[in-house]
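Going down the list, the protein sequences come from chains A and B.
By the working numbering, the letter at position 322 of the first sequence is numbered 372, and the numbering carries on one by one without gaps.
By the working numbering, the letter at position 162 of the second sequence is numbered 1065, and the numbering carries on one by one without gaps.
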Amino acid sequence: MARTPKKPVADEKNAAAKGDADRLDAAAQKGISRRCFLGTVTAVGASAVIGNPSRLNAAGEFAGWPNRFGMLTDLTACVGCRSCEKACNEANNLPRPSTPFDAASVFNDKRRPDAKAYTVVNRYEDPKDKNKFIYRKLQCNHCNEPGCATACPIHAYNKTPEGPVTYNEDLCFGCRYCMTACPFYVPAYDYESALEPKIVKCTMCYGRVKAGGIPACAEACPTGAVTFGKREDLLKHAREKLSKNPGRYIDHIYGEKEVGGTSWMYISGVPFDSLGFPTNIPNRPLVEETKGFLSAVPLVFTVWPALFGMCYAALRHRDEADKEKAETEKNEEVINNG
Amino acid sequence: MANGTMAKTENFRSWFMDKLLMGMTWPEYMRALITPFNVVAAIILAVGLPLIALRFYVGLSLVTHSSNEYPWGLFLGWGLFGGVPLSATGFVMATAYYIFGFKKYHHLVRLAVLTGLLGYFFAVVYLMTDLGRPWRIYYPMGVAFGTASVLFLVAWHVATYLTVQLVEFSPAILEWLKSRRIRKWALRVTIGMTIAGIILSTLHQSALGAMFLLAPGKVHPLWYSSYIPVLFLSSSVYAALSMLIVVSALAARFLRDKCGKSFLNNLPRLTLGLGKGAAIAIYVYFAIKVIALAHDNNWHLLNTGYGYWYLVEIFLLVLAPALIYSLGVRKASVGTVRFAAFLSVFGVIMNRINISIISFNWNLPNHLQNIIPPWKEVAVVMAIATLHILIFRWILNRMPVLREEPDYEESH
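Laid out in structure tokens, this is it:
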């Protein structure tokens, strides 16, 4: 289990991770027992009858899967070695890029994850010191309530209880609404493929995590800039770092609250918008934006037929009344004339 | 025996000439096809259709500049988001005629339903050109259900509504084919179909707007609003009335010999009526637009580049057509009303393109350069639009849409 001593956090988290994965598996196997289900139904029914406003207010909130894993990127520790890119490329059997992984020339452009790379590292000038650079690793942030999964009409996306957001290309018909919805511009599309185009994005090494391992990038990082662990633990760890080194970090954990929280979080020495992070996004999950609209749908289905059916009935009624009136007048005329 | 076969062949030939060649023989028909319009159409198709075919050999990158930041381009911006509101004609006119009893508009109901039917059909064609794997189009209906997705709702509703409109239009097809019994059955479900049309249209017109609710950081705040579903629905009402004025004007101009006498005689009066309705619908839309702006308190954004463009949209492409409509109705000038209709149709398309293309990703570097479409994407759009017009004309030439079939005239 012991790896290089350079990354104690990763190791510690790895050990914890394995235990948690086992427990999660056990829970999944057990499923929800009937007793548990009946208990819940009774409790919900009872609270509805007795009326417990505080509980009712809590209903419908999803606080995220308990014990899910996450990642923490310490942007002050990243040295731009691109070991993570290389490890990711190998672990996921992606095509080898034309420029080698140790070439610094790639930093001349701002790159993004695409159909051939799940993750890229970009270089930014340090706004505090023009002679220094800050490196930012980019990949899927694995939101707690992902916009891509909300957008997908075929349920090709899944937020796994372990934390990674997975994508199933066997279901996808390529509408690319997930790309429109992703606030981080993460999902990439394989526009070059004629018959089997698909979305490409980081999987947080779901297979490895499920098997008790840690994602390839975290394993490869020589400086401990990318760490893996339970999201809760990572949050505590990040807060600790922030409070112990107020000069080194700004007081913001990116991903703690953004779009309802993400599994991948970041701490930085400079404001996040100077590193190209989107900062104009809401703190609530994107699914909240469309909930109101979707809840109106059944209402339209029930109220509209009644409303417009009544309009039609009124029209028929008026037609009949007109006809009757005309007939009566005609009869009266006949009587008067007679 | 031989005589029987010959008679059958003769029957088929006369049926074929009557129904498909509009009473002409093959040589006559072919000669009639060579017109300047058809030559231009053929050139456009000769460029665009091979591109669509090649896309399935080379990949989407051949025909679209869609990228990882810009997943959608003209196919959806123009074809789906722009096309669907203009296709609300069927639902708006069927509601006005069958439910609210605007009886004098019966000359226009079939044209409205056909405009809607073809509009939706071609919206689906544009969508399928844009989809990565269009042969999976039925997946949301049968394979896996993304019930939290607004697009799931749109997929189901567009599919259902396409069917509803086909049933609504079927009497015209059945009269053309002289199938009395099925026609009777098709007429019986009219009211049910109309109400189903209202439900489906209310929901998916607004859902097309609601789709953008998932992109709060990407759509410019002046166009992003929690009112966007209502704005899409209410603009589809005046879009439909305007589109019907445009289509009926074009039909009366270019297919005059296919129009019935009562259609032509009534059209000016009906155009003024539609114009009055459209003006009211635009005033309603304009009011909601201002309420949305006030609701989000975005006044300060008006004094920016995007703000000026927004003002151009709501004054020149929304309020101005409404005022021109009002003027035309007051002066009883059909030409003025038709001009307002063209401007409104353009305004609605512009609004959808503003939301899905121009203001989408407004904060990315070089945004305005990124959204300029390449010629191949434009060529494909032109080819599909041309196909749309040709099929529309093919139907108007043959089926009783602009005129009434003599045998069925009394049965309205």
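For glycine and all other residues, C-beta sits at the position ideal for the given N, C-alpha and C.
These numbers were taken from a predicted model, which means no experiment stands behind them.
Are A/Pro163 and A/Lys286 close, meaning C-beta to C-beta below 8 Å? no
Which chain B residues are close to A/Trp354, counting only those with a beta carbon under 8 Å from its beta carbon? Ile1098, Ile1101, Ile1102, Thr1105
For the pair the segment 1058-1071 of chain B and the segment 266-280 of chain A, tell me if three or more CB-CB distances fall below 8 Å. no
Alpha carbon of A/Glu370 to alpha carbon of A/Ala364, nearest angstrom: 10 Å
Under 8 Å between C-beta atoms of B/Leu1299 and B/Ala1154: yes
Three-state secondary structure (DSSP) at A/Pro103? Confidence in A/Pro103 is poor, its pLDDT being 46 and thus under 50, which makes the residue's placement too unreliable to answer from.
Under 8 Å: do the segment 180-195 of chain A and the segment 255-265 of chain A share three or more Cβ pairs, one atom per stretch? Remark: fewer than three beta-carbon pairs, one from each stretch, lie closer than 8 Å, so the segment 180-195 of chain A and the segment 255-265 of chain A are not flagged as touching.
What is the rounded straight-line gap between the Cα of B/Ala910 and the Cα of B/Arg916? 10 Å
Taking the C-alpha atoms as reference points, what is the distance between A/Phe157 and B/Val1251? Each residue's alpha carbon lies about 43 Å from the other.
Given a threshold of 16 other Cβ atoms within 10 Å of its Cβ, counted over all protein chains shown, does B/Leu1205 qualify as buried or as exposed? exposed
State yes or no: is the C-beta of B/Gln1108 within less than 8 Å of the C-beta of B/Pro988? Yes; because the gap between Cβ atoms is below 8 Å, this pair is in contact.
Distance between B/Pro1309 and B/Asn914 (C-alpha atoms, nearest Å): The straight-line gap from Cα to Cα measures roughly 22 Å.
Do A/Ile249 and B/Gly1120 have their C-beta atoms within less than 8 Å of each other? no
Within 8 Å of any Cβ in chain B, is that where the Cβ of A/Glu339 sits? yes
Alpha carbon to alpha carbon, how far is A/Tyr241 from B/Leu1220? 35 Å
Look at the alpha carbon of B/Ile1287 and the alpha carbon of B/Ser1165, and state the distance between them as a whole number of angstroms. Cα atoms of B/Ile1287 and B/Ser1165: separation of roughly 33 Å, rounded to the nearest angstrom.
Between which two residues does the alpha helix (DSSP H) holding A/Met360 run? 337-387
Residues of chain A with a CB under 7 Å from the CB of B/Val1140: which are they? The premise fails here: B/Val1140 is roughly 15 Å from chain A at the closest Cβ pair, so nothing lies under 7 Å.
Does the beta carbon of B/Gly1064 come closer than 8 Å to any beta carbon on chain A? It should be pointed out that residue 1064 of chain B corresponds to Tyr in this sequence rather than to Gly. Not an interface residue.
Can you find the residues in the same chain that come closer than 7 Å, C-beta to C-beta, to A/Arg231, ignoring five residues on each side of it along the sequence? In the sequence as displayed, the identity of residue 231 of chain A is Ala instead of Arg. Answer for A/Ala231: Gly197, Cys198, Thr200, Ala201, Leu336, listed in chain order.
Output, in chain order, the set of chain B residues within a Cβ distance shorter than 7 Å of A/Cys202. Within chain B, the C-beta atoms nearer than 7 Å to that of A/Cys202 come from Gly1049, Ser1052, in chain order.
Return the residues of the segment 1187-1212 of chain B that lie within a Cβ-Cβ distance of less than 9 Å from chain A, sorted by chain order. none
Tell me, please, whether the CB atom of A/Lys330 is closer than 8 Å to any CB atom in chain B? The residue you asked about is not Lys; residue 330 of chain A is Asn in the sequence shown. At least one chain B Cβ lies under 8 Å of A/Asn330.
Can you pull the chain A neighbours of B/Val1269, defined as C-beta to C-beta under 8 Å? Looking at the sequence provided, one finds Asn at residue 1269 of chain B rather than Val. Within chain A, no residue comes near B/Asn1269; the closest Cβ sits about 12 Å away, beyond 8 Å.
Any C-beta of chain B under 8 Å from that of A/His205: At least one chain B Cβ lies under 8 Å of A/His205.
Do you know whose CA, among A/Arg289, A/Arg132, A/Arg118, lies nearest A/His302's CA? With distances taken between Cα atoms, A/His302 lies closest to A/Arg289.
For B/Ala1058, which residues in chain A fall below 7 Å Cβ to Cβ? Pro203
Residues of chain C with a CB under 7 Å from the CB of A/Ser313: which are they? Considering every chain present, this structure includes no chain C. Its protein chains are A and B.
Using beta-carbon positions only, say whether B/Pro1132 and B/Gly1100 come within less than 8 Å of one another. no
Which residues mark the beginning and the end of the alpha helix (DSSP H) in which B/Leu1170 is found? 1164-1198
Which residues in chain A sit within 7 Å of B/Gly1120, going by Cβ to Cβ distance? Pro233, Pro328, Asn330, Ile331
Output the distance between the C-alpha atoms of B/Gly1231 and B/Ile1292, rounded to the nearest integer angstrom. 28 Å
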